[in-house]
Amino acid sequence: MTFRSPGDTQLNADVSWASFDPIAYVDHNYRALQAEDEEIIHIVRDHFGDHFRGRTPGPVSGIDVGAGANLYPALAMLPWCDEITLLERSSANVRYLESQVGSYDANWDQFWRVLCKNEAYAALDMDPRAKFRDAVRVEPGNLFDLVRHEGRWSMGTMFFVAESMTTSHKEFARGVECFLRALAPGAPFAAAFMEHSRGYHAGEHFFPACDVGELEVYESLEPFVGEFKTMRLKASAAVREGYSGMIVAYGRRNSDSGIPTD
Ligand SMILES: C[S@@+](CC[C@H](N)C(=O)[O-])C[C@H]1O[C@@H](n2cnc3c(N)ncnc32)[C@H](O)[C@@H]1O
C-alpha cells in the first residue's frame, strides 16, 4: 500500500485521472453492497423523499459531481428528475458511465432495492433502467468550471470527490463551494466524504486525498447551505483503505448568490 508523506502536495490538475480504473474501483467498492453504503443510501433516500413529499415540482434537473464509477447517487435522484447530469473528469470513468446509460449492470440492482424501501422509489411507475436511460446525460468536465453554471440544477449529489481529488485543503473547500453554487436556492443536496483519508487506489494507480474531519466538512458547507446535517459513520471492516470513517452531509442550498472567490 502506498501512502504519501505528509509534506507532499498533489493538486487536482497534477493527477492522471485517465489512469483511474473504473472496473477495479467497482470491484473493490460497489460489486457487493457494503454496510456503510447501505447506511448512506438510507439517509439520502429519506432526505430526498422528505423534501419532495407532498410537492408537485416542475421539471427537476439533478447533477452528480465526480460521478466516477458509482451510480447510486444518480439512482437516489431518479424518481424526481427529468434530467440527470453525471459530471466526470476522468476519460476512463466517462467511458464507464456511458457504458451504463443504455442498461446498467446487475450489481446496481441491490442499491436500487435499498432505495425502494422508501415509497417514493417503490412508486416509480417505470423500469428504473428505462428511466435512467431517458434521464441521464454523461458530461465530461471539471467541477471547478461549474462556476459558469451558478444555480442551474434543482438537486445534487457529490460523493467522495472534494476530499478525494487533491491533497490541498483550499481545493477541497473550493470543490465543495463549486458543487453547492451549481444548485438553485432551496435545492436539496447530499454529499459524502472520506474522513482522514490518506489516498486510495483505483486499480494500479494511487490517487491523492485531503485529510478532513467533520469540522472541515461542516465549515466548507456552512456558507452555502440553509438547514443541514453532517453525520459520521464509523469505518467497519477496512474495505476502503486508509481512512477512519465516512461523513454524510445533507440539507438544502441557501439563497446566497455572491460571486465565487478565488
Ligand atoms: C474517489 S472517486 C469518487 C467516485 C464516485 N463519486 C463514488 O462515489 O465512488 C473521485 C472522482 O472524482 C473525479 N474527479 C476528480 N477531479 C475532478 C474534477 N476536477 N472534476 C470532476 N470530477 C473529478 C475522479 O475522476 C473520480 O471519478
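If you read the sequence shown in our numbering, its first letter stands for residue 1097, the second for the next number, and so on. By construction, the Cβ of each residue, glycine as well, lies at the ideal position given by its N, Cα and C atoms.
Check: Just the C-alpha distance for residue 1343 and residue 1135, rounded to the nearest angstrom, thanks.; Outcome: 11 Å
Check: For residue 1117, which residues from the same chain have a beta carbon less than 6 Å from its beta carbon, with the 5 sequence-adjacent residues on both sides left out?; Outcome: 1298 and 1299
Check: Quick one: is the Cβ of residue 1239 within less than 6 Å of any heavy atom of ligand 1?; Outcome: yes
Check: What I want to know is whether the C-beta of residue 1293 ends up closer than 6 Å to one or more non-hydrogen atoms of ligand 1.; Outcome: no
Check: Based on Cα-Cα distance, which residue from 1137, 1350, 1106 and 1121 lies nearest to residue 1207?; Outcome: 1137
Check: Is the beta carbon of residue 1326 sitting closer than 7 Å to the one on residue 1315?; Outcome: no
Check: Would you kindly report the start and end of the unbroken beta strand (DSSP E) that includes residue 1344?; Outcome: 1341-1349
Check: Just grab the DSSP bridge partners of residue 1279 for me.; Outcome: 1249
Check: If residue 1301 and residue 1115 are in contact, beta carbons under 8 Å, what's the gap, nearest whole angstrom?; Outcome: 4 Å
Check: Using three-state DSSP, classify residue 1301 as helix, strand or coil.; Outcome: strand
Check: Using only CA atoms, which one of 1287, 1247, 1306 and 1305 lies nearest to residue 1279?; Outcome: 1247
Check: For the beta strand (DSSP E) that contains residue 1286, what are its first and last residues?; Outcome: 1284-1291
Check: Could you tell me whether the region 1228-1240 touches the region 1174-1186, where touching means 3 or more Cβ pairs closer than 8 Å?; Outcome: yes
Check: What is the DSSP secondary structure of residue 1261, counted as helix, strand or coil?; Outcome: coil
Check: For residue 1215, count the other beta carbons within 10 Å of its own beta carbon; 16 or more makes it buried, fewer makes it exposed. Which is it?; Outcome: exposed
Check: For residue 1209, count the other beta carbons within 10 Å of its own beta carbon; 16 or more makes it buried, fewer makes it exposed. Which is it?; Outcome: exposed
Check: By Cβ distance below 6 Å, which residues in the same chain neighbour residue 1145 in space, the five residues on each side in sequence not counted?; Outcome: 1214 and 1216
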